[in-house]
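A.B. asks: Dropping a structure here in C-alpha cells format, bear with me for questions.
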Ligand SMILES: [Zn+2]
Ligand SMILES: [Zn+2]
C-alpha cells in the first residue's frame, strides 16, 4: 500500500465539538466535510462528514435546501463538466487548468462558519471545486490537468452558471531568411491613419503591403485557425537589408488557436511556396512562452556584408579596418531612429572586418559587430554621431549602397 491510500482522521474532542456546532448550519456533506478538510488525509469530504456524524452518534441531517456555502455546486459535476466541454467545442487541447468564480459572500460565509464552529482545518471551497472539476474533466476527456502549463483554462462562473474558456497561445520558433529588400519584419501600421485605412495607404492601414510576420503567419493561421499573431524576432534588420545565412531566430505566437497539432516542416514548405522566395523559415519547431523572453533578451554578435560607394585605395581601406577592429566606438542614437529610441551614446565594437572586393568607386566589406551596432552609421559617420567612423578614418565621404545580414551569432556556426 502506498502512503497516499493510508487513511488517517483523528477526531479529538475539539473536532467533535466543532462538528456538533456545524450540524445545524445547512451545509451539504461536501462543505461539512471540507470544514475539516485539513484534519488527517485519505478521505473524500463526504466521507469525512459521515465519520464525524458517526463519532457524534447522530445521522447526518438530510439536506432540504441548497447548501448555504456552495449552493449545490459540488452535487452537479455532470453539469459543470458538460458546460466546460461545451465552452471548448471545436478547440483542440491536451492540457488544461481549472479556476472558478464565486460569490464573494459565499466565500466569506464559509470562513465565518469555520470561525463560528471553531475549526482550524477548513479548506476553501474554491480550491476544492477547482481540483475536483479538474479530476472529473480528466476522466471525461482523457486530457491532463496541468495548472503550470495549460493550453486552455476553464473558469467556472458559479453565480452565472457558465464556464468561460481561455485559449492560451501556441508558440512556434524558427529562423527566417529574408531575400527581399522591401519587406519589414512585422506588420507596419500606416503612420497617417494608425491602421484604420486611409487614402495614403490605399485603405490597407499598412505602410507596406506585406511583412515577414504576415508571410510566415498566413499559412500557420490557416492551419491553426488562430485569431492573430505576435512576432518576436531576435532583433530586426532594416527593411532594405536582406537576412541571409542561417536566418534570424524568431518566435511566432499564435493567439487563440483552435487547432494545435501542426507539422512545422510542412508549414515551412508552405511558407516558402506562398512567399515565392522572398521569405524562408528554417528549423521551424514547437516553442513555449519562455523562448519569447530568451529570444527578446539575446544580444548576439552579427555579421554583415556591406556595399559601399566611395573611391578609396585598397591599402587605405585595410589600414582603416585594422585600426577600427576591436576599438571602442561611441555611437549616438542615429537620427533616423531617434523617434523610437532614447537619445544616448552607446559603446559599441566592430569585432572583425575585411575587404571582400573593390572596384572603381565602390567596395564591399564583411563586418562582424556587437549587438546593437548601427552599421550604416558606422560606415557613413552619421554627421559625427558615430565616433570613430569609417568615412572619417579614410578621409572621404562614404555611402552605404546596400547591406545584408550574413549571420546572427546566437549560436556558433
Ligand atoms: Zn455545499
Ligand atoms: Zn493609412
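In the numbering used here, the protein residues as written are 155 to 567.
Even for Gly, the Cβ is constructed at its ideal location relative to N, Cα and C.
What residue from 317, 192, 464 has the CA that sits closest to residue 287's CA?
C.D. replies: The residue given as residue 287 occupies position 133 in the chain shown. Here the closest residue by C-alpha is 317.
A.B. asks: Return the chain-ordered ranges of every beta strand (DSSP E) run that is complete within the region 246 to 317 and spans a minimum of 3 residues.
C.D. replies: Segments of the beta strand (DSSP E) lying fully in the region 246 to 317: 249 to 255, 306 to 311.
A.B. asks: Can you check which of these residues, 257, 245, 252, is closest to residue 223 by C-alpha distance?
C.D. replies: The residue labelled residue 223 in the question sits at position 69 within the chain shown. Nearest of 257, 245, 252 to residue 223, Cα basis: 257.
A.B. asks: Does the distance between the C-beta of residue 224 and the nearest non-hydrogen atom of ligand 1 fall short of 7 Å?
C.D. replies: Working through the chain shown from its first residue, we reach residue 224 at position 70. For ligand 1, at least one heavy atom lies less than 7 Å from the Cβ of residue 224.
A.B. asks: Which two residues bound the contiguous beta strand (DSSP E) that contains residue 520?
C.D. replies: As a working note, residue 520 is residue 366 in the chain shown. Element bounds for residue 520: 516 to 523.
A.B. asks: Any heavy atom of ligand 2 within a distance shorter than 7 Å of the CB on residue 252?
C.D. replies: The sequence position of residue 252 within the chain shown is 98, counting from 1. No, Cβ of residue 252 sits at least 7 Å from all heavy atoms of ligand 2.
A.B. asks: What is the rounded straight-line gap between the Cα of residue 517 and the Cα of residue 477?
C.D. replies: Taking the chain shown and counting its residues from 1, the one referred to as residue 517 is at position 363. Taking the chain shown and counting its residues from 1, the one referred to as residue 477 is at position 323. Their backbone Cα atoms lie some 18 Å apart in a straight line.
A.B. asks: With C-beta atoms as the reference, is residue 504 less than 8 Å away from residue 471?
C.D. replies: Looking up residue 504 in the chain shown gives position 350. Looking up residue 471 in the chain shown gives position 317. No.
A.B. asks: In this structure, how does DSSP classify residue 414 when only helix, strand and coil are distinguished?
C.D. replies: Stepping through the chain shown from its first residue, residue 414 is reached at position 260. Coil, per DSSP.
A.B. asks: Report the option in 336, 302, 535 whose CA atom is closest to the CA atom of residue 462.
C.D. replies: Residue 462 sits at position 308 when you count from the first residue of the chain shown. Among 336, 302, 535, the Cα nearest to that of residue 462 belongs to 535.
A.B. asks: Taking a contact to mean a Cβ-Cβ separation below 8 Å, would you say residue 439 touches residue 327 in this structure?
C.D. replies: Position 285 of the chain shown, counting from 1, holds the residue named residue 439. Position 173 of the chain shown, counting from 1, holds the residue named residue 327. Yes; because the gap between Cβ atoms is below 8 Å, this pair is in contact.
A.B. asks: When you compare the CB of residue 468 with every CB in chain C, is at least one pair closer than 8 Å?
C.D. replies: In the structure shown, chain C does not exist; there is a single protein chain.
A.B. asks: Using a Cβ-Cβ cut-off of 6 Å (strictly less than) and excluding sequence neighbours within five positions of residue 520, which residues of its own chain qualify?
C.D. replies: Taking the first residue of the chain shown as 1, we reach residue 520 at position 366. Once the five neighbours on either side are set aside, the close Cβ partners of residue 520 are 459, 508, 510.
A.B. asks: Is residue 184 near ligand 1, with its Cβ less than 7 Å from a heavy atom?
C.D. replies: On the chain shown, residue 184 is found 30 positions in, with the first residue counted as 1. Correct: residue 184 has its Cβ closer than 7 Å to ligand 1.
A.B. asks: Quick check on DSSP: helix, strand or coil for residue 155?
C.D. replies: Along the chain shown, one-based indexing puts residue 155 at 1. Only weak support exists for where residue 155 lies, its pLDDT of 42 falling under 50; the coordinates are left without a value.
A.B. asks: Is it the case that the CB of residue 346 approaches a heavy atom of ligand 4 more closely than 7 Å?
C.D. replies: Looking for ligand 4 in the displayed structure turns up nothing; the ligands present are ligand 1 and ligand 2.
A.B. asks: Quick check: residue 203 and residue 272, are their CB atoms within less than 8 Å of each other?
C.D. replies: Indexing the chain shown from 1 puts residue 203 at position 49. Indexing the chain shown from 1 puts residue 272 at position 118. For residue 203 and residue 272, no; Cβs fall outside 8 Å.
A.B. asks: Who are the near neighbours of residue 320 in its chain, counting only those whose CB is closer than 6 Å to its CB and skipping five residues on each side?
C.D. replies: Locating residue 320 in the chain shown gives position 166, where the first residue counts as 1. Cβ within range, chain order: 307.
A.B. asks: For my contact list, residue 360 and residue 345 are in at a C-beta cut-off of 8 Å; report their separation, rounded to the angstrom.
C.D. replies: The residue given as residue 360 occupies position 206 in the chain shown. The residue given as residue 345 occupies position 191 in the chain shown. Actually they are not in contact, since the Cβ atoms of residue 360 and residue 345 sit about 10 Å apart, beyond 8 Å.
A.B. asks: Which full runs of the beta strand (DSSP E) of 3+ residues lie inside the region 358 to 427, going along the chain?
C.D. replies: Taking only runs of at least 3 residues, the beta strand (DSSP E) segments lying wholly in the region 358 to 427 are 382 to 387, 396 to 409.
A.B. asks: Could you tell me if residue 187 is buried or exposed, where buried requires 16 or more neighbouring beta carbons within 10 angstroms of its beta carbon?
C.D. replies: Counted from its first residue, the chain shown places residue 187 at position 33. With 16 or more Cβ atoms within 10 Å of its Cβ, residue 187 is classed as buried.
A.B. asks: With distances taken Cα to Cα, identify the nearest neighbour of residue 393 among 362, 383, 416, 379.
C.D. replies: Mapped onto the chain shown, residue 393 falls at position 239. When only C-alpha atoms are compared, the closest one is 362.
A.B. asks: If we ignore side chains and look at the alpha-carbon of each, how far apart do residue 280 and residue 165 end up?
C.D. replies: By one-based count along the chain shown, residue 280 stands at place 126. By one-based count along the chain shown, residue 165 stands at place 11. Distance between the alpha carbons of residue 280 and residue 165: 25 Å.
A.B. asks: Under a Cβ-count criterion, where at least 16 other Cβ atoms within 10 Å of its own Cβ denotes burial, should residue 550 be classed as buried or exposed?
C.D. replies: Taking the chain shown and counting its residues from 1, one reaches residue 550 at position 396. Exposed, since its Cβ has fewer than 16 Cβ neighbours within 10 Å.
A.B. asks: What's the C-alpha gap between residue 368 and residue 385?
C.D. replies: Here residue 368 is taken as the residue at index 214 of the chain shown, counted from 1. Here residue 385 is taken as the residue at index 231 of the chain shown, counted from 1. Straight-line Cα distance between these residues: approximately 9 Å.
A.B. asks: Give the DSSP bridge partners of residue 329, in chain order.
C.D. replies: Walking along the chain shown from the start, residue 329 turns up at place 175. Answer is 403, 436.
A.B. asks: Name the two residues that bound the continuous alpha helix (DSSP H) containing residue 444.
C.D. replies: Taking the first residue of the chain shown as position 1, residue 444 is located at position 290. Residue 444 -> alpha helix (DSSP H) spans 443 to 451.
A.B. asks: Compute the beta-carbon to beta-carbon distance between residue 323 and residue 249, rounded to the nearest angstrom, for a pair I have assumed lies under 8 Å.
C.D. replies: Within the chain shown, the letter at position 169 stands for residue 323. Within the chain shown, the letter at position 95 stands for residue 249. Contact flag wrong, Cβ pair sits at about 13 Å.
A.B. asks: Can you tell me which of the three DSSP states residue 101 falls into?
C.D. replies: As displayed, the chain neither begins before 155 nor continues past 567, which places residue 101 out of reach and without an answer.
A.B. asks: Quick one: grab the DSSP three-state call for residue 202.
C.D. replies: What you label residue 202 is simply residue 48 of the chain shown in a count that begins at 1. DSSP places residue 202 in helix when its eight states are reduced to three.
A.B. asks: Indicate the three-state DSSP secondary structure (helix, strand or coil) for residue 513 in the structure shown.
C.D. replies: Taking the chain shown and counting its residues from 1, the one referred to as residue 513 is at position 359. The answer is strand: DSSP assigns residue 513 an E or B state.
A.B. asks: Are there 16 or more other CB atoms within 10 angstroms of the CB of residue 564, so buried, or fewer, so exposed?
C.D. replies: Counting from one through the chain shown, the residue named residue 564 turns up at place 410. With 16 or more other Cβ atoms within 10 Å, it is buried.
A.B. asks: Can you check DSSP and say which residues form a bridge with residue 508?
C.D. replies: Here residue 508 refers to the residue found at position 354 of the chain shown. Paired residues: 520.
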